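A short write-up of the structure that comes next.
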Ligand code: UD1
Ligand code: MG
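Numbering (this note's numbering), first residue to last: 3 to 449.
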């Protein structure tokens, strides 16, 4: 039997998003909606993937190809309905494998649900996915008679009695490869919107004595995103799901509702995340590390047992070694810190490598940028950088070396050496007392 094809429909206009960006490129948990869908499709064992996009939507195609490089891209020149969109991928339909149709704007659908729907084709020509939304308005209604789905009536076509039906079409549909082409070709645009409705395939199948079954999903999973309010609701649902998964995997989120995760955040066992932490994309935290309150992390790797924050910022390219410490008001970017290295207060560490056990004193700034290019700073193992130092890159501080507080370091410091890059202190004995005597003549100290 030919391989299954999953057809992802993403040619919608998305005008209600009021955005220059196509709808499916809006993000949830830092990941585009189309990427969420493709991820679920991949995990469900998609077979081939065919993506239907609107004209000129190279950006949507590029995003899809980044995740599914073998996806076939089909352009729907005119938006004439969901069945028309499916037939835009005609070559895929004609191959004869089963079809799974998913929407690009239904981002939280689970792979288990897709798999169950595809499996339901063992006993049916069509499997539809139903759900019971709090407010069914706008959705197609599933008409069920003695356990069989007999039709899907779109909102515009549904009678008053049908509109009271709470069981709605989620949009995801599986069609058996044996019948798909025939069913799709029979669909007409004789409805209020003059669109070719994919959902009409159900009544057509019934008229041919083919059976149609329904599976059910939760509203949380199949809610569509058509405007920014729905996008925010989908984000909230995704966050809940991500937090639950993190907790199940053994991380402690002390106040889960205040922690914002990305779709790809990886938290190891016994990681503790304090309240009010934001994870952007690309963060991995190893076992036992603690992320303290009000920290912001993206593109960072935090080693086992490390401590970050409170009020720390880890930017892309940060790699923190085991048991290292990044304290309050410290920003790290494109920098690797070895095991036990510490930067506890008020520092900027950019484009650098910091050896194991090194100590970066309070207020140290890695001056990595000359207005044109970024330069690298290398700090050796066990080096000690005194507080309020400026390290002007490119520069190297050798293993075990000391940098005196307040230094501006422009030249390499040899291992185990001491560098002082500050003006020598002058002390004038009794100067203050003399000054007071001179200036204070006839004046009281309080004036
Ligand atoms: C659709 C279903 C409805 C279901 C609802 C669930 C149909 C006819 N109706 O309605 O039963 O309850 O989803 O959210 O299928 N698209 C294209 N090309 C087109 C038209 C649509 O690619 O010509 C894509 C859209 O980008 C979107 C999806 O198909 O991803 C659904 O289209 P939309 O217009 O949102 O359908 P609904 O009216 O929401
Ligand atoms: Mg829709």
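Here a beta-carbon is modelled for each residue, glycine too, at the ideal position from N, C-alpha and C. Please read these numbers as outputs of a predicted model, since none were measured by experiment.
Option nearest residue i by Cα separation, candidates the options
| i | options | result |
| --- | --- | --- |
| residue 77 | 12, 386 and 100 | 12 |
| residue 355 | 393, 382 and 366 | 382 |
| residue 138 | 120, 121, 115 and 162 | 162 |
| residue 44 | 54, 72 and 32 | 72 |
| residue 264 | 31, 5 and 18 | 31 |
| residue 252 | 240, 171, 400 and 291 | 291 |
| residue 86 | 341, 109 and 182 | 182 |
| residue 373 | 395, 380 and 391 | 395 |
| residue 52 | 65, 37 and 74 | 74 |
| residue 306 | 286, 47 and 316 | 286 |
| residue 228 | 9, 3, 14 and 4 | 14 |
| residue 259 | 269, 246 and 271 | 246 |
| residue 150 | 215, 59, 240 and 342 | 215 |
| residue 426 | 418, 407 and 440 | 407 |
| residue 288 | 281, 298, 294 and 308 | 308 |
| residue 338 | 317, 293 and 118 | 317 |
| residue 112 | 243, 207 and 81 | 243 |
| residue 393 | 377, 384 and 412 | 412 |
| residue 22 | 48, 219, 61 and 4 | 61 |
| residue 297 | 280, 303 and 284 | 280 |
Three-state secondary structure (DSSP) of residue i
| i | result |
| --- | --- |
| residue 310 | strand |
| residue 437 | helix |
| residue 421 | strand |
| residue 322 | strand |
| residue 355 | strand |
| residue 55 | strand |
| residue 33 | strand |
| residue 257 | coil |
| residue 412 | coil |
| residue 193 | coil |
| residue 333 | strand |
| residue 345 | strand |
| residue 267 | coil |
| residue 285 | coil |
| residue 364 | coil |
| residue 392 | strand |
| residue 25 | helix |
| residue 429 | coil |
Residue i beta carbon near ligand 1 (any heavy atom closer than 7 Å)
| i | result |
| --- | --- |
| residue 199 | yes |
| residue 132 | no |
| residue 86 | yes |
| residue 168 | no |
| residue 54 | yes |
| residue 13 | yes |
| residue 112 | no |
| residue 78 | yes |
| residue 330 | no |
| residue 33 | no |
| residue 141 | yes |
| residue 171 | yes |
| residue 58 | no |
| residue 82 | yes |
| residue 184 | no |
| residue 154 | yes |
Residue i vs residue j beta-carbon contact at 8 Å
| i | j | result |
| --- | --- | --- |
| residue 367 | residue 349 | yes |
| residue 7 | residue 110 | no |
| residue 153 | residue 94 | no |
| residue 169 | residue 140 | no |
| residue 186 | residue 67 | no |
| residue 210 | residue 84 | no |
| residue 403 | residue 415 | yes |
| residue 40 | residue 64 | no |
| residue 127 | residue 217 | no |
| residue 365 | residue 340 | no |
| residue 130 | residue 144 | yes |
| residue 193 | residue 159 | yes |
| residue 329 | residue 343 | no |
| residue 1 | residue 172 | Outside the shown range of the chain (3 to 449) lies residue 1, about which nothing can therefore be said. |
| residue 54 | residue 79 | no |
| residue 294 | residue 312 | yes |
| residue 397 | residue 379 | yes |
| residue 28 | residue 233 | yes |
| residue 81 | residue 24 | no |
Residue i beta carbon near ligand 2 (any heavy atom closer than 7 Å)
| i | result |
| --- | --- |
| residue 226 | yes |
| residue 107 | yes |
Proximity test, Cβ basis, 8 Å: residue i and chain C
| i | result |
| --- | --- |
| residue 346 | No chain C appears in the structure shown, which is made up of a single protein chain. |
Minimum length 4: unbroken alpha helix (DSSP H) runs contained in the stretch 124–183 = The alpha helix (DSSP H) runs lying completely inside the stretch 124–183 and spanning 4 residues or more are 162–165, given in chain order.
What beta strand (DSSP E) runs, 3 residues minimum, are completely inside the stretch 60–108?
-> 74–77 and 101–105
Alpha helix (DSSP H) runs contained entirely in the stretch 210–237, provided each spans 4 or more residues = 221–224
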